[in-house]
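*Asks:*
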Amino acid sequence: MKIGVIGAGILGLAVARELASSGAEVTVLDKESRVAAHQTGHNSGVVHAGIYYAPGSLKARLCRDGVAMLREYCAEHRLPYDEVGKLVIASTRAELPALRRIAERARENGVPGIVELDALGLREVEPFAVGAGAVHSPTTAITDFPAVARRLAEDVVAMGGAVRLSHPVRALSETASGVVVVAGRSRLRFDAVVSCAGLGTDRVAALAGAPGDVRIVPFRGEYRRLRGAARGLVRGLIYPVPDPRYPFLGVHLTRRIDGEVLVGPNAVMALAFEGYRWRDLSPGDLREILGWPGTWRMAGRNWRTGVREVYGSVAPDAFLTAARRYVPILGPADLEPAEGGVRAQAVGRDGRLLDDFAIDVHGRIVLVRNAPSPAATASLAIARHVVLTVPLG
Ligand SMILES: Cc1cc2nc3c(=O)[nH]c(=O)nc-3n(C[C@H](O)[C@H](O)[C@H](O)COP(=O)(O)OP(=O)(O)OC[C@H]3O[C@@H](n4cnc5c(N)ncnc54)[C@H](O)[C@@H]3O)c2cc1C
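Per our numbering, the sequence shown starts with residue 1373, numbered consecutively.
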């Protein structure tokens, strides 16, 4: 069985490894010259414990399974994995009922060790943080997702597979017996293809003749980082109580495996699928993004939040103000700009953000349509799930 996997992010590589370990001959294709070039290499590096997700959803289930698999994988391959713990802080008493619901949901999702803390208790975990109360998840961890991706690629090759970089997929056609893929200058024939193309999902879906009912809208997440000694003010991960309507919003403080502490991200619509900066504007991409009715309906519904996030992007003190809510000792000299990332978020025709992971099967082609956070955390479990959908006949 010959299977092509599009995308050498953590998900495509995890899928390829899973397929190769079940005996398939796998070829991974990516347009970039290195693995983990997009979302996998531009994220917060948090191994989410599965606190917020709707119980019973794919996200809730695959995140918990994924944490266990990733922890074991990192231990086995001596990859960094540090349970620094996470505090979700209610900064006012008004947020305490929402905080209690978070603790209940975390327990329902099987997250171990969840503790509810008062204002004093939270300072024992994070001495420089303040708040009316907090939920502590001691097993939330940090890792180096690009390093995990590189190791997965090595596994694929060790199992007889191939990882072909600088191979943009330009055409896909299904025949009676397989799928022909044109990637770079190569023309390859597979029995089945799995697409894990992140920000390039819609283009691959269009090539497969399966445009679908959801489209990717790119959201740029911008960060700052703490400078010098200020890094010592944060031990682990400090998060706000999320707005259930926009769970990925809310500036947080994140210790990274390299010792940096990130502040962010915000979320503003990018002007290109790979629009890492305001000036990265692609008229073609923008036409596609704005040509999707869901983009306009989403903007219509959420314009107040959108305006706030854009303000947060351009106002010089917005990150500092957000961070000081939780760590008030921080000052203007403690923050400096850091590299950001672009999220691939699927949006329905009606403008709703698709919350759960989504996978579609179109003949011999499996399309991962929505794999936002915590998909890096859950990648090994998502891969096991995706492989069960691959048409092997
Ligand atoms: C700012 C930010 C913070 C995040 N924080 C976290 C976090 O802390 N924890 C967590 O678990 N998750 C987090 N995430 C989410 C996580 O990074 C993603 O869910 C995950 O990396 C998705 O992996 P992927 O392999 O699907 O996508 P990607 O890593 O984006 O890989 C897709 C690959 O497909 C390739 N590709 C696209 N089109 C083509 C084509 N036509 N031909 C060939 N190749 C193609 C691209 O080059 C790319 O390498 C965050 C994401 C962002 C952006």
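The beta carbon of each residue, even a glycine, is placed where N, CA and C say it ideally should be.
By Cβ distance below 7 Å, which residues in the same chain neighbour Ala1525 in space, the five residues on each side in sequence not counted?
*Replies:* Contacts found: Ala1380, Leu1385, Val1407, Val1535.
*Asks:* Helix, strand or coil for Gly1593? Go by DSSP, reduced to three states.
*Replies:* strand
*Asks:* So, for Ile1701: in the same chain, excluding its five sequence neighbours on each side, which residues have a beta-carbon less than 6 Å away from its beta-carbon?
*Replies:* Phe1500
*Asks:* Is it buried or exposed, Asp1354, if we count other Cβ atoms within 10 angstroms and call 16 or more buried?
*Replies:* Outside the shown range of the chain (1373 to 1765) lies residue 1354, about which nothing can therefore be said.
*Asks:* When the distance is taken between beta carbons, is Ser1463 closer than 8 Å to Gly1503?
*Replies:* yes
*Asks:* Does the beta-carbon distance from Leu1658 to Ala1639 come in below 8 Å?
*Replies:* Contact flag unset, no.
*Asks:* Can you give me the C-alpha to C-alpha distance between Val1377 and Thr1573, rounded to a whole angstrom?
*Replies:* For the pair Val1377 and Thr1573, the Cα-to-Cα distance works out to about 13 Å.
*Asks:* Which stretch, first to last residue, makes up the beta strand (DSSP E) that contains Arg1567?
*Replies:* In the sequence under discussion, the amino acid at residue 1567 is Ser, which differs from the Arg named in the question. Residues 1564–1567.
*Asks:* How many whole angstroms separate the CB atoms of Val1606 and Arg1627, which I take to be in contact at a CB cut-off of 8 Å?
*Replies:* 6 Å
*Asks:* Alpha carbon to alpha carbon, how far is Glu1498 from Gly1608?
*Replies:* 8 Å
*Asks:* For Val1635, which residues of its own chain have a beta-carbon under 7 Å away from its beta-carbon, when the five flanking residues on both sides are left out?
*Replies:* Around Val1635, the same chain offers Tyr1595, Arg1596, Arg1597, Leu1598, Val1623, Leu1625, Phe1691, Ala1695, Leu1707 as residues with beta carbons nearer than 7 Å, after the five sequence neighbours per side are excluded.
*Asks:* If you follow the beta strand (DSSP E) that Pro1518 is part of, which residue opens it and which one closes it?
*Replies:* Not the beta strand (DSSP E): Pro1518 falls in the alpha helix (DSSP H), residues 1517–1530.
*Asks:* With respect to 7 Å, is the separation between the Cβ of Glu1404 and the closest non-hydrogen atom of ligand 1 below this value?
*Replies:* yes
*Asks:* Kindly give me the distance between the Cβ atoms of Glu1480 and Val1613, rounded to whole angstroms, as I take these residues to be in contact under 8 Å.
*Replies:* No, Glu1480 and Val1613 are not in contact; Cβ-Cβ is about 17 Å, not under 8 Å.
*Asks:* Here's a check: name, in chain order, each residue in its chain whose Cβ is nearer than 6 Å to the Cβ of Asp1563, leaving out the five neighbours to either side.
*Replies:* Met1373, Lys1374, Gly1550
*Asks:* Measuring only from the beta carbon, is Ile1378 closer than 7 Å to any heavy atom that is part of ligand 1?
*Replies:* yes
*Asks:* I'd like the span of the alpha helix (DSSP H) that includes Arg1741, first residue to last.
*Replies:* For Arg1741, there is no enclosing alpha helix (DSSP H); the enclosing beta strand (DSSP E) has its first and last residue at 1737–1742.
*Asks:* Does the distance from the C-beta atom of His1734 to that of Ala1582 stay below 8 Å?
*Replies:* Taking 8 Å as the Cβ cut-off, His1734 and Ala1582 qualify as a contacting pair.
*Asks:* Given that a residue counts as buried once 16 or more other Cβ atoms are within 10 Å of its Cβ, and exposed if not, what is Gly1533?
*Replies:* buried
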